[in-house]
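For reference, the structure discussed in these notes is given below.
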Amino acid sequence: MPFKNGYFCSREIKIVENSSIKDSKIFEKFKDIQLLNESDCLKITGWTLKEFLKFSNFITSINETNGRTKEQLIALYRYWLRKGLDQFSLSLLFGNNTSQNQISSYLSQIREAIYKDFVPFFLGCNKER
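Here it is, written out as structure tokens:
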């Protein structure tokens, strides 16, 4: 299927279509963490809800906005790492008329926050052993 910058493969089209039909805006589930269930968290992030919340607590340098929460960014980043989708496809799944440029910015923000808030304590040469 042609689009502005190239072509989608049929696998990506099916993923986006199926997700849009069944679970419109799958990352919307992470907006209110109290309503998130274990199976959705596991499917999207690959982590149990407990593991997801534990990791989320380490990330403190992300400010929440009206458009997205810290938990949504973490879920987006984990989904992107696990599934390998391009940013345009992720923008369709994120909803709220999110552009590919916004997704790119979101991924950059959460990557920097993880590097700043998590890596020094658990990875790298300066961590306590």
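Residue numbering for the sequence shown follows our numbering, beginning at 108 and increasing consecutively. Cβ coordinates follow ideal geometry from the N, Cα and C atoms, glycine included.
Contact check between the region 150-160 and the region 208-215: fewer than three CB pairs, one atom from each, fall below 8 Å, which does not count as touching.
Around the beta carbon of Q179, a 10 Å sphere encloses 16 or more other beta carbons of the protein chains shown; the residue is thus reported as buried.
Taking the CA atoms as reference points, S168 sits about 7 Å from D224. Counting only runs of 4 or more residues that sit fully inside the region 151-229, the alpha helix (DSSP H) segments are 156-165, 177-190, 194-201, 207-224 and 226-229, in chain order.
Assigned with DSSP and collapsed to three states, L143 falls in coil, not helix or strand. When the beta-carbon positions are compared, L183 and L197 come within less than 8 Å of each other. Relative to the Cα of K190, the nearest Cα in the group T152, F229 and P227 belongs to T152. The shortest C-alpha to C-alpha distance from I140 to any of F165, K177 and K150 is the one to K177.
If you draw a straight line from the Cα of R218 to the Cα of N204, it comes to about 22 Å. Taking 8 Å as the upper bound for CB-CB distance, I221 and I166 are in contact here, some 7 Å apart.
Just so you know, the alpha carbons of L142 and K136 end up roughly 7 Å apart. S163 is positioned such that its CB atom lies closer than 8 Å to that of I181. DSSP, read as helix, strand or coil, puts K136 in helix.
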